[in-house]
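Undergrad:
There are 2 protein chains.
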Amino acid sequence: MTYCVAVKLDAGMVFASDSRTNAGIDQISCFKKMRSFVEPGDRSVVVLSSGNLSITQKAINLMEQRARQTDRCNLWNAQSMFDVAQLLGECLREARDQDGVFLAQSNVDSGANFIVGGQIKGEPMRLFLVYAEGNFIEASDDTLFFRIGETKYGKPIIDRVIGHDTPLEDAVKCILVSFDSTMRSNLSVGLPIDLVIYRQDTFCLKLHQRITQDDPYFSQISRRWGEGLRGVFASLPNPEWLNDEPGGSS
Amino acid sequence: MTYCVAVKLDAGMVFASDSRTNAGIDQISCFKKMRSFVEPGDRSVVVLSSGNLSITQKAINLMEQRARQTDRCNLWNAQSMFDVAQLLGECLREARDQDGVFLAQSNVDSGANFIVGGQIKGEPMRLFLVYAEGNFIEASDDTLFFRIGETKYGKPIIDRVIGHDTPLEDAVKCILVSFDSTMRSNLSVGLPIDLVIYRQDTFCLKLHQRITQDDPYFSQISRRWGEGLRGVFASLPNPEWLNDEPGGSS
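In the order they appear, the protein sequences are chains A and B.
Note that the numbering used here has the first sequence beginning at 1, numbered continuously upward.
Note that the numbering used here has the second sequence beginning at 1, numbered continuously upward.
(1) Taking the DSSP output, what are the residues bridged to residue 51 of chain A?
(2) On the criterion of 16 or more Cβ atoms from any shown chain inside 10 Å, does residue 150 of chain B qualify as buried, or is it exposed?
(3) Quick one: is residue 192 of chain B near chain A, going by C-beta distance under 8 Å?
(4) Have a look at residue 250 of chain A and residue 146 of chain A and give me their C-alpha separation to the nearest angstrom.
(5) What's the gap between the Cα of residue 37 of chain B and the Cα of residue 141 of chain B?
(6) Take residue 201 of chain A and list the residues in its own chain whose beta-carbon comes closer than 8 Å to its own, dropping the five residues that flank it on each side.
(7) Which residue wins for smallest C-alpha separation from residue 203 of chain A, given the options A/132, A/125, A/232 and A/56?
(8) Determine the chain D residues that contact residue 221 of chain A at a beta-carbon separation under 7 Å, and present them in chain order.
(9) Are residue 6 of chain A and residue 48 of chain A closer than 8 Å when you measure CB to CB?
(10) Would you kindly check if the distance between the Cβ of residue 172 of chain A and the Cβ of residue 191 of chain A is under 8 Å?
(11) Got a sec: is the Cβ-Cβ distance from residue 94 of chain B to anything in chain A below 8 Å?
(12) Would you say residue 64 of chain A faces chain B, with C-beta separation under 8 Å as the test?
(13) So, at 7 Å on beta carbons, what are the nonlocal neighbours of residue 290 of chain B in its own chain, with the 5 sequence-adjacent residues on each side left out?
(14) Could you say which of A/188, A/97 and A/199 lies nearest to residue 208 of chain A if we only look at CA atoms?
(15) Taking residue 127 of chain A as the reference, which of A/176, A/114, A/121 and A/57 has the closest Cα?
(16) With a cut-off of 8 Å, does the C-beta of residue 209 of chain A fall near any C-beta of chain B?
(17) Within 10 angstroms of the Cβ of residue 216 of chain B, are there 16 or more other Cβ atoms? Answer buried if so, exposed if not.
(18) What does the Cβ neighbour count give for residue 121 of chain B, buried or exposed, with the cut at 16 atoms within 10 Å?
(19) Identify the contact partners of residue 103 of chain A in chain B, using a Cβ-Cβ distance below 9 Å as the criterion.
(20) Would you say residue 49 of chain B lies against chain A (beta-carbon separation less than 8 Å)?
(21) Smallest Cα separation from residue 211 of chain A: which of A/242, A/163 and A/177?
(22) Please compile the residues from chain A whose C-beta is within a distance smaller than 9 Å of the C-beta of residue 228 of chain B.
(23) Could you tell me the distance, in whole angstroms, from the CA atom of residue 20 of chain B to the CA atom of residue 57 of chain B?
(24) If we define contact as Cβ-Cβ less than 8 Å, is residue 173 of chain A a contact residue for chain B?
(25) Can you give the Cα-Cα distance for residue 228 of chain B and residue 184 of chain B, rounded to whole angstroms?
(26) Going straight from the alpha carbon of residue 238 of chain A to that of residue 169 of chain B, what length do you get?
(27) Is residue 18 of chain B buried or exposed, if buried means 16 or more other CB atoms sit within 10 Å of its CB?
(28) Leaving out five residues before and five after residue 232 of chain A in sequence, what residues of the same chain have Cβ atoms less than 8 Å from its Cβ?
(29) Kindly indicate the opening and closing residues of the beta strand (DSSP E) around residue 133 of chain B.
(30) Under the three-state reduction of DSSP, which class applies to residue 144 of chain A: helix, strand or coil?
(31) I'd like the list of long-range same chain contacts for residue 78 of chain A, defined as Cβ closer than 6 Å, with 5 residues on each side in sequence excluded.
(32) Beta-carbon within less than 6 Å of residue 137 of chain B's beta-carbon, same chain only, minus the 5 sequence neighbours each way: which residues are those?
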């Protein structure tokens with residue numbers, strides 16, 4: 001399984017991905033699920049992937065191959081992030097066209113998803129979710145984040161905390177708490193976490209952070225979050241109706 | 001969608017279910033997903049259901065019909081909760097046998113799940129999860145709770161709080177917080193919540209509570225939990241590495 005999150009805020013964007021890959025519970029490996037493409041001063045693009053690893057790797061490779069064909073729209077000459085999402089969707093379709101039918105013969109799902117976001121000079125920051133069929137949607141002012149993979153356990157904290165004016169620092173904290181909740185509830189999501197921050201209009205990626213098992217900050221917020229939750233829980237009042245139990249049956 | 005939870009603790013059991021049913025987003029109704037069967041002093045059985053409503057209702061009705069056939073194992077003469085789970089699984093299979101093929105012709109899923117638990121004189125409390133195929137598993141000392149329906153959003157808090165020695169009051173609070181998280185993240189889970197508490201060796205259900213939109217206690221813990229979470233979040237330190245952003249790209 002996988003857990004990837006990206007948020008688009010007023011101040012910039014945060015991208016994060018776990019790195020656990022499993023084909024059955026006895027084949028667990030570590031693969032980076034984040035790729036970034038930067039031309040300083042001109043464009044910064046980050047891609048997060050989930051689903052069949054051979055398909056996502058092939059799609060990314062096809063996109064890189066196409067980047068050498070300078071007579072076509074490619075990663076480095078695309079005029080907009082929309083074109084980049086379109087390109088990635090096409091490469092995903094091509095990868096599935098090549099391999100999907102063979103995977104299906106062994107009942108292996110060739111499904112895969114991407115989150116792709118960033119900024120190209122002349123445009124504001126944009127964030128897209130590319131579906132397994134190659135079509136895609138864009139984040140809006142109402143939907144500030146996309147998640148792929150094991151998306152549910154980590155959603156409540158993001159729902160509660162993230163708004164368009166959330167500072168990037170708080171978004172990073174929130175995303176790490178969201179990973180903590182996800183990893184607690186689903187063992188197939190695991191460390192290390194790759195994390196990248198993009199600040200609006202900088203056209204370069206300022207921070208790559210890889211959060212490993214021994215990361216003191218992640219351990220600290222994981223522990224303090226757990227303690228804090230239990231503290232809040234303990235402070236909640238008991239329901240009064242528990243004290244006067246009426247009988248009843250149906 | 002549905003969200004149902006049942007926990008088995010040293011002190012007793014707590015069962016809770018939402019009551020929103022939807023067939024498409026424009027057909028949302030309110031149906032109770034909890035049924036209880038009590039013979040005071042002898043047995044208390046609670047059934048929670050999720051999945052295709054016509055199937056779960058038919059399965060329960062078949063079980064009630066069979067309860068009138070006193071020459072066969074039925075709800076009222078079963079010697080063990082295992083027999084009750086077996087009975088419910090058989091009734092579920094029968095309901096799907098009758099209607100499943102017709103539903104499949106319209107691409108409607110006849111899948112359904114039950115949680116069934118309680119206590120029959122001569123046995124300890126037991127809790128079972130009945131799968132859509134009619135087979136079932138039993139909760140153990142390691143797995144104290146079962147959830148069916150939209151099970152993911154509400155899991156983290158239960159994972160963190162519930163242990164076998166958790167008091168019933170705390171379990172009720174925890175389950176309500178879990179419902180609050182689920183209802184925030186999935187609109188197809190909704191109030192009212194039906195809640196029942198069973199205290200060990202009482203062989204009667206002491207509390208039926210229906211928590212509606214206006215329930216002051218639920219509103220209070222929902223608000224205080226949200227405020228508390230945001231408070232804990234705000235108290236978490238920022239990562240130091242955010243202050244010394246090294247450049248980087250890949």
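Backbone N, C-alpha and C define an ideal beta-carbon position, used for all residues, glycine too.
Keep in mind the model is a prediction, meaning the values are calculated, not measured.
TA: Quick look at the numbers:
(1) A/112
(2) buried
(3) no
(4) Since pLDDT at residue 250 of chain A reaches only 35, below the 50 mark, its modelled position is unreliable, and no value is offered.
(5) 25 Å
(6) 119
(7) A/125
(8) The chain labelled as chain D is not found among the protein chains of the depicted structure, namely A and B.
(9) yes
(10) no
(11) no
(12) no
(13) Residue 290 of chain B lies beyond the residue range present for chain B, which begins at 1 and ends at 250; the question has no answer from this structure.
(14) A/199
(15) A/114
(16) yes
(17) exposed
(18) exposed
(19) In chain order: nothing, as chain B lies at least about 24 Å away.
(20) no
(21) A/177
(22) 228, 229, 231, 232, 233, 235 and 236
(23) 15 Å
(24) yes
(25) 16 Å
(26) 6 Å
(27) buried
(28) none
(29) Careful: residue 133 of chain B lies outside any beta strand (DSSP E) and carries neither H nor E.
(30) coil
(31) 84
(32) 129
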